[in-house]
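Its first residue numbered 999, the sequence shown is counted upward by one per residue in the numbering used here. For glycine and all other residues, C-beta sits at the position ideal for the given N, C-alpha and C.
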Amino acid sequence: VIKERDKMTTWLIAVGTPWALDDAYYTMKNTGQYEFISIPAMTKAAEGKGVYIDGVNRDGQVFEDIKGWWNLTFPEHFGAKTVVKERADGKAVFWQMIMLDLAASSTGRLNYYEYPAKDISMDLYTIGGVDPTTFEEDNAGNRNSHFALAYVSKLPSGGAIIVDGVLERCSQNQAENHILVAQGKFTNWQYVAVENVSVGKVFLQTLQRNPRIKAIPSGLKGVTDGKISSKRDRVLLMHKWFENGTVKISNADTPFLNALRRLFEKFYDL
C-alpha cells in the first residue's frame, strides 16, 4: 500500500463473503475509507419483471423464501435451476454464501419435522452416534462438557428418525453402560459410530476392547468432506436433511430430544 504526497497510488481490494457484522469486511466498510460493493446471486424484482422462480425442488419441496420474481446477476451461469439447487443445501448457507444477507441467514429457527413416537418400532435397523467428552476419574464427569449418544433408526419407506439418546455429564464407565443399555433396547441394533479424532479416538479404542460393544470409527464422511469443521458448520451442513424431511425427530418428551429441538429452534440465539 503506497502513498505519494498523502494520496494513495495503489488499490487495496478485499473479496469475500460475510460472516458476521464485525468481521474483517464489515470492519473495513465501517471505517468509511472504502467503497463497499455487494453482488448477491439475485435481487428482488417487481412482479412480472425479471425471472420467476417457483422454488420447487426436485423432491417436490417448495422453498417459499426464494419463490417470486428476481433479477438474476449472472443468468448465463447462475440461472433459476442453480438457485433452487443451491437453496436445497440449506436456508442459512444459501442466504449467507449466495445472497450475502446475514440478516436473512440468521432469521428464525432451523426447520425440522417430527415423527410420532408411538409409531416407532424397536425392531428398526438402528445405529448409535457418539460424541464423547473428556472423562474425569472421579466419576463426576467433565464439568464443562456432556457425553452424547443418539439412537438413529432407518425407516423402511426411506429416511431416518432420531428416536432418542443420552446427553449428560458422566464417567467413562457410565458412558459405556449407556451404550449397552441402548443395544438392549433395539432388536436390530448394529453398532455405535464414534468420531475418530482426539478424545473420540481414545474413547473408541476403549470401547473396542469391550467384546460386548460393537464400535466403529466415524470420520463424518459425506458431511465434512474429510475436514473437521466447527460444530456450528456441521449442524448447518446436516440441516438440509432435516429441512427436507429425510431425517425426522421423534416427538417424544425426553431430555435428549428436548435439547436437540432446542438446538434447532434457538440455533442462532445459542
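The three-state secondary structure of Pro1253, taken from DSSP, is helix. DSSP places Trp1009 outside any alpha helix (DSSP H), giving it a letter other than H or E. Here Asp1117 is exposed, its C-beta having fewer than 16 other C-beta atoms within 10 Å. The beta carbon of Pro1253 sits closer than 7 Å to those of Leu1165, all from its chain and outside the five residues before and after it, given in chain order.
Taken in chain order, the complete alpha helix (DSSP H) segments of 4 residues or longer contained in the stretch 1082 to 1127 are 1100 to 1103. For Asp1162, the uninterrupted beta strand (DSSP E) run begins and ends at 1158 to 1166, by DSSP. When DSSP states are grouped into helix, strand and coil, Asn1242 belongs to the coil group. Apart from the 5 residues on each side of it in sequence, Leu1070 sits with its Cβ closer than 6 Å to the Cβ of Met1040, Val1049 in its chain, given in chain order. Within a 10 Å sphere around the beta-carbon of Leu1122 sit 16 or more other beta-carbons, which makes this residue buried. In the DSSP assignment, Leu1147 falls outside any alpha helix (DSSP H) and lies within the beta strand (DSSP E) extending over 1145 to 1152.
Non-local C-beta neighbours of Val1190 in its own chain, meaning closer than 6 Å and more than five positions away in sequence, comprise Gly1126, Val1128, Ile1177, Ala1213, ordered along the chain.
Assignment of beta-bridge partners to Val1060 by DSSP yields Val1054.
Contact annotation: the stretch 1231 to 1241 touches the stretch 1079 to 1094, with at least three C-beta pairs closer than 8 Å. Of the residues Gly1058, Val1245, Glu1062, Val1054, the one whose Cα lies closest to the Cα of Ala1148 is Val1245. In the structure shown, Ile1177 adopts helical secondary structure according to DSSP, grouped into three states. Between the C-alpha atoms of Ile1000 and Ser1103 there is a straight-line separation of about 38 Å. Out of Asn1109, Pro1038, Val1054, Lys1065, the CA that lies nearest to the CA of Glu1045 is found in Lys1065.
When C-alpha distances from Ser1119 are compared across Ser1248, Gly1217, Lys1199, the shortest belongs to Ser1248. In the structure shown, Gly1198 adopts helical secondary structure according to DSSP, grouped into three states. Contact annotation, Phe1265 with Arg1107: C-beta distance approximately 6 Å; criterion of less than 8 Å satisfied. Using a Cβ distance threshold of 9 Å, Tyr1024 and Leu1010 do not count as a contacting pair.
When C-alpha distances from Lys1047 are compared across Pro1038, Asn1028, Trp1067, the shortest belongs to Trp1067. By the neighbour-count criterion, in which a residue is buried when 16 or more other Cβ atoms sit within 10 angstroms of its Cβ, Ser1151 is buried. In terms of Cα proximity to Ile1096, the closest of Gly1077, Pro1114, Arg1056, Thr1007 is Gly1077.
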